[in-house]
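S.K.: Sending over a structure as structure tokens; questions will come in a sec.
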Amino acid sequence: MEKYLPILRSCPFFMGLNDTEILSILHCVNAVKVSKASRSYIFKAGDSTEVMGLVLAGSTLIIQEDLWGHRNILSKCNAGDFFGEPYAATPGTILNISVVAEEDCDILFLNINRLLTSCPTACDHHQKLIRNLVCVLANKIL
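In structure tokens:
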């Protein structure tokens, strides 16, 4: 994960955290890095999710598809961008969008329930992370 620290440091989600705190949080919340091939689905409309994604390398497209298979591109996520936070933060919500790898990419999945639950040590950096998550979600709806 050290390889991706420059990207993680630039994310509003990790604002105010140093490298050691970022790595500690990722371990604490069991963050999972996955690689996706170009044009593969990361999230699919009709599913639900408990994780949000952070693009570490490559790019993704947030799309809506109609019954005839036409795609409307709603946004593009590059390295350092998050996706899926509102859906992950609302348990049971069905995705009305899909997320597709525009090119080969590395994604970090963060379980929202683990993020919102303080770790047993109730560390200060976990509290900062929760505040940052609230700000990120608030900015999505503004």
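In case it helps, numbering that gives the first Met the number 0 puts the sequence shown at residues 0 to 141.
The beta-carbon is built from N, C-alpha and C at its ideal position, and this holds for glycine as well.
Source: prediction; values computed, not measured.
Which same chain residues, not among the five before or five after His142, have their C-beta less than 8 Å away from its C-beta?
M.R.: Examination of residue 142 is not possible in this model, given that the chain is present from 0 through 141 alone.
S.K.: Sorted by chain position, which residues of the same chain lie with C-beta nearer than 7 Å to Gly45's C-beta, five sequence neighbours on each side aside?
M.R.: The residue given as residue 45 occupies position 46 in the sequence shown. Around Gly45: Ile93, Leu94.
S.K.: Tell me whether the beta-carbon of Phe82 lies closer than 8 Å to the beta-carbon of Thr48.
M.R.: Here the question's residue 82 lines up with position 83 in the sequence shown. Here the question's residue 48 lines up with position 49 in the sequence shown. The answer is no: Cβ separation not under 8 Å.
S.K.: Runs of 3 residues minimum, wholly inside the stretch 48-92: which ones carry the beta strand (DSSP E) assignment?
M.R.: Complete beta strand (DSSP E) runs here, min 3: 50-56, 58-64, 70-77.
S.K.: Does the beta-carbon of Ala137 have 16 or more other beta-carbons within 10 angstroms, so that it is buried, or is it exposed?
M.R.: Within the sequence shown, numbered from 1, the residue matching residue 137 stands at position 138. With fewer than 16 Cβ atoms within 10 Å of its Cβ, Ala137 is classed as exposed.
S.K.: Output the boundary residues of the beta strand (DSSP E) element that contains Ser34.
M.R.: Stepping through the sequence shown from its first residue, residue 34 is reached at position 35. It spans 31-35 - the beta strand (DSSP E) in which Ser34 sits, taken as one unbroken run.
S.K.: Quick one: any contact between the stretch 94-103 and the stretch 61-72, if contact means 3 or more CB pairs under 8 Å?
M.R.: Because the criterion of three Cβ pairs below 8 Å is met, the stretch 94-103 and the stretch 61-72 touch.
S.K.: I believe Lys32 touches Asp80 by the beta-carbon criterion, under 8 Å. Please report the beta-carbon distance rounded to the nearest angstrom.
M.R.: Taking the sequence shown and counting its residues from 1, one reaches residue 32 at position 33. Taking the sequence shown and counting its residues from 1, one reaches residue 80 at position 81. Actually they do not touch by this definition, with Cβ atoms about 16 Å apart.
S.K.: Please name the residue in Cys122, Cys134, Glu1, Pro85 whose C-alpha comes closest to that of Asn110.
M.R.: As a first step, residue 110 must be located in the sequence shown, where it is residue number 111. That would be Pro85, whose Cα lies nearest to the Cα of Asn110.
S.K.: Return the Cβ separation of Ser39 and Glu101 in integer angstroms, given the expectation that the two are a contact with Cβ distance under 8 Å.
M.R.: In the sequence shown, counting from the first residue as 1, residue 39 sits at position 40. In the sequence shown, counting from the first residue as 1, residue 101 sits at position 102. The Cβ separation is near 10 Å, so there is no contact.
S.K.: Return the chain-ordered list of same chain residues with a C-beta closer than 6 Å to the C-beta of Ile72, the five sequence neighbours on each side being excluded.
M.R.: The residue labelled residue 72 in the question sits at position 73 within the sequence shown. Around Ile72: Leu60, Ile62.
S.K.: What is the DSSP secondary structure of Asn131, counted as helix, strand or coil?
M.R.: Here residue 131 is taken as the residue at index 132 of the sequence shown, counted from 1. Correct three-state label for Asn131: helix.
S.K.: Consult DSSP for Asp18 and reduce its assignment to one of helix, strand or coil.
M.R.: By one-based count along the sequence shown, residue 18 stands at place 19. Residue state, collapsed to three classes: helix.
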